[in-house]
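Note that our numbering numbers the sequence shown so that position 64 is 70, with each residue one more than the last. Don't be surprised by glycine CBs; every beta carbon is placed ideally from N, CA and C.
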Amino acid sequence: MIFKRVGDSRPYPDHGYVQKQWSEIPPVQVRLDQLVTTKSTLDLGSLLEDDSTFYGDLFAHVVAWRGELYLEDGLHRALRAALQQRQTVHARVLELH
């Protein structure tokens with residue numbers, strides 16, 4: 007199994023973070039098998055594009071809430087890591103209380 011669980015929504019409260027605020031959170035390594043996705047589908051074309059990770063943040067965005075780690079942004083990056091047989095992905099983790 008790649009992820010801890012596949013979800014299709016964001017069960018945590020809206021945090022209102024914008025890209026500038028995310029960029030202030032230092033990235034850490036997160037194990038893929040600890041992540042719960044917030045999307046259950048992806049665009050295969052985007053996954054396979056050479057520059058699919060060129061635009062936006064270099065790191066995935068993860069929200070820590072109620073003991074779970076939710077992959078809010080970066081599903082394509084996480085799946086690419088899994089396809090390369092890596093067990094971790096670099097992510098910015100926002101702690102919500």
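DSSP places Q25 in the uninterrupted alpha helix (DSSP H) bounded by 25 to 29. Listed as beta-bridge partners of A66 by DSSP are A97. By the beta-carbon neighbour count (other beta carbons within 10 angstroms, threshold 16), R37 is exposed. By the beta-carbon neighbour count (other beta carbons within 10 angstroms, threshold 16), G80 is buried.
Assigned with DSSP and collapsed to three states, D20 falls in coil, not helix or strand. Per DSSP, the unbroken alpha helix (DSSP H) holding R86 starts and ends at 81 to 89. Annotation for R92: no beta strand (DSSP E) segment contains it, and DSSP assigns it neither H nor E.
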